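Peer 1: Attaching a single structure in structure tokens format; questions to follow.
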Amino acid sequence: MGRVVSAIITLFIVSCANFAPPPAITPALIANARPDHASAKDLATGRNLFVSRCLECHTLPSVAKHSPDEWPTLVSRMSGRANLSASDQSAIIAYLRAASTTHH
Numbered sequence: 006m007g008r009v010v011s012a013i014i015t016l017f018i019v020s021c022a023n024f025a026p027p028p029a030i031t032p033a034l035i036a037n038a039r040p041d042h043a044s045a046k047d048l049a050t051g052r053n054l055f056v057s058r059c060l061e062c063h064t065l066p067s068v069a070k071h072s073p074d075e076w077p078t079l080v081s082r083m084s085g086r087a088n089l090s091a092s093d094q095s096a097i098i099a100y101l102r103a104a105s106t107t108h109h
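Counting from 6, one number per residue, gives the positions in the sequence shown under my numbering.
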């Protein structure tokens, strides 16, 4: 029993070791959102949806993993499984495009 608990704890720690939380809403991130005309509130909504809805199916990818131009296609492709409305998709895309520009 002790070995099982130790193994579970070890797996949990290892799986979290590479997890970096999604970038916070900062002035730089807001500035990068200008092409999408997203406000700080839109970006915060997008970040919250990204964290809550995307985690339902998979771990969160690093925002720098994809370019700003790749995110719309990726979000659109997964939106059906996540049951995202058009406004949810727009908010997530605006956040990811701004965040990936900041961290890419």
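Each residue gets a CB set at the ideal place from its N, CA and C atoms; glycine is no exception.
Just so you know, these numbers come straight off a predicted model, no measurement behind them.
LYS46 to PRO66, Cα distance in whole Å?
Peer 2: In the sequence shown, residue 46 corresponds to position 41, counting from 1. In the sequence shown, residue 66 corresponds to position 61, counting from 1. Between LYS46 and PRO66, the C-alpha separation is close to 22 Å.
Peer 1: In whole angstroms, what separates the C-alpha of ALA99 from that of ALA38?
Peer 2: Walking along the sequence shown from the start, residue 99 turns up at place 94. Walking along the sequence shown from the start, residue 38 turns up at place 33. C-alpha separation (whole angstroms): 6 Å.
Peer 1: Is it true that the CB of ALA96 sits closer than 9 Å to the CB of THR31?
Peer 2: Counted from its first residue, the sequence shown places residue 31 at position 26. Counted from its first residue, the sequence shown places residue 96 at position 91. Not closer than 9 Å, so no.
Peer 1: Measuring alpha carbon to alpha carbon, tell me which of SER92, CYS59, ARG102, HIS71 ends up nearest ARG86.
Peer 2: Taking the first residue of the sequence shown as 1, we reach residue 86 at position 81. Of the listed residues, the one whose Cα sits closest to ARG86 is CYS59.
Peer 1: Would you call SER105 buried or exposed, if buried means 16 or more other Cβ atoms sit within 10 Å of its Cβ?
Peer 2: The sequence position of residue 105 within the sequence shown is 100, counting from 1. Looking at its Cβ environment, which holds 16 or more other Cβ atoms inside 10 Å, SER105 is buried.
Peer 1: Between HIS48 and VAL80, how many whole angstroms is the CB-CB distance? I'm expecting something under 8 Å.
Peer 2: On the sequence shown, residue 48 is found 43 positions in, with the first residue counted as 1. On the sequence shown, residue 80 is found 75 positions in, with the first residue counted as 1. Note on identity: in this sequence residue 48 is Leu, with His being the wrong assignment. Going by Cβ atoms, the distance from LEU48 to VAL80 rounds to 14 Å, so no, they are not a contact pair.
Peer 1: Buried or exposed for ALA36, please, with buried defined as at least 16 other CB atoms from any protein chain shown within 10 angstroms of its CB.
Peer 2: Here the question's residue 36 lines up with position 31 in the sequence shown. When all chains shown are included, ALA36 counts as exposed.
Peer 1: In chain order, what residues of the same chain lie with their CB nearer than 8 Å to the CB of THR15, ignoring the 5 residues before and after it?
Peer 2: Taking the sequence shown and counting its residues from 1, one reaches residue 15 at position 10. For THR15, the predicted structure reports a pLDDT of 48, less than 50, and the residue's modelled location is therefore unreliable. A value from the coordinates is still provided. Answer for THR15: no residue qualifies.
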